[in-house]
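Everything in the sequence shown is counted per our numbering, starting at 907 for the first residue and increasing by one.
Beta carbons: idealized from backbone N, C-alpha and C, even for Gly.
This structure is a prediction, so every number in the text was calculated from the model and none was measured.
Some notes on the structure that comes next.
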Amino acid sequence: MPSPTVKANKSLVATIADKIRAAIVDAEFEFGENLSEDTLASAFEVSRTPVREALNLLQMEGLVTIIPKSGTYVFTPTLEDIAELCDYRIGLEQQAVALTPEKALKQAVAELRRQLAVMDKAVETGDMQAYGRADTAFHLAFFRYCGNRYLQSAYDLILGRVASLRTHLAIRAEGEPDRSYRDHRDMISLLAESRRGELAEMLTAHILRTKDNYLDAFQKLSTTTGSARTARLRRRLALSA
């Protein structure tokens, strides 16, 4: 039986990973930004060991890159990465829609409507981080109700990077979030009426436009690395002062 200390350490590592992951996804860190173990440890008020383990977890998710004798950096996608990830999403989301059982449609539609309501409020308040999180949850609903664990796992593997690209790049794309909102509203209507073929076509068009917007926004985005002080880092990680 594991000791209480081991459990506490695992919990601490997971908490640190969650905080860093959220900061990356919410675009609090820039692509390619250096994540100093010492500075993170100081911000979290812990030793370097749980920070290092948390960063190892995030590397497995593709959210950070650890370069020996150099440091840890927020992942930086290439144009090819962005294009391939979007193309991969099309196949996964189409399959999720096709496999969703009829008995689960009502629940799926209800969840999509909940996320659309969050988008409504985010647009009203100009909170694009909240909009991005709702957008992520909206598309995630297709997998949560598709009834196929392997398909869910496949999407979970790319979820962090998909969410990061959405937050970092979608807000810089022309015509957003208006176009995105209209698409999501229409997707709900199609799924509610079980018009799966039309929904699959809309998802394809939606994600292909997203890909074009991301590629355009990424080429205009200057990648920078940060050198924030501990106090500023704590705010970005949503830690108490």
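Checklist entry - DSSP three-state call for residue 925: helix, strand or coil? => result helix
Next on the checklist: Just to confirm, is the Cβ distance from residue 1016 to residue 1052 under 8 Å?
Outcome noted: no
Item to check | Same chain, Cβ closer than 8 Å to residue 1110, five either side skipped, listed in chain order | outcome: 996 and 1000
Checklist entry - The alpha helix (DSSP H) with residue 979 in it runs from where to where? => result From DSSP, residue 979 is part of no alpha helix (DSSP H) but of the beta strand (DSSP E) over 977-980.
Checklist entry - Tell me, which residues are paired with residue 940 by DSSP? => result 979
Checklist entry - Taking DSSP as the reference, what is the three-state secondary structure of residue 970? => result In the displayed model, residue 970 falls within a strand according to three-state DSSP.
Checklist entry - Does DSSP put residue 1135 in a helix, a strand or coil? => result Its pLDDT being 49, under 50, residue 1135 is placed unreliably in this model, and the value from its coordinates should be taken loosely. It is coil, neither helix nor strand.
Item to check | Residue span of the alpha helix (DSSP H) that contains residue 1126, given as start and end | outcome: Residue 1126 -> alpha helix (DSSP H) spans 1102-1126.
Next on the checklist: Residues in the same chain with beta-carbon distance under 6 Å from residue 1132, minus the five sequence neighbours each way, listed in chain order, please.
Outcome noted: Residue confidence for residue 1132 is low, a pLDDT of 41 falling below 50, so the modelled location carries little weight; the figure read from the coordinates is stated next. Correct list, in chain order: 939.
Checklist entry - Which term fits residue 927, buried or exposed, when burial requires 16 or more other beta carbons within 10 angstroms of its beta carbon? => result buried
Next on the checklist: Please report the distance separating the alpha-carbon of residue 1025 from that of residue 1082.
Outcome noted: CA-CA distance, residue 1025 to residue 1082, rounds to 12 Å.
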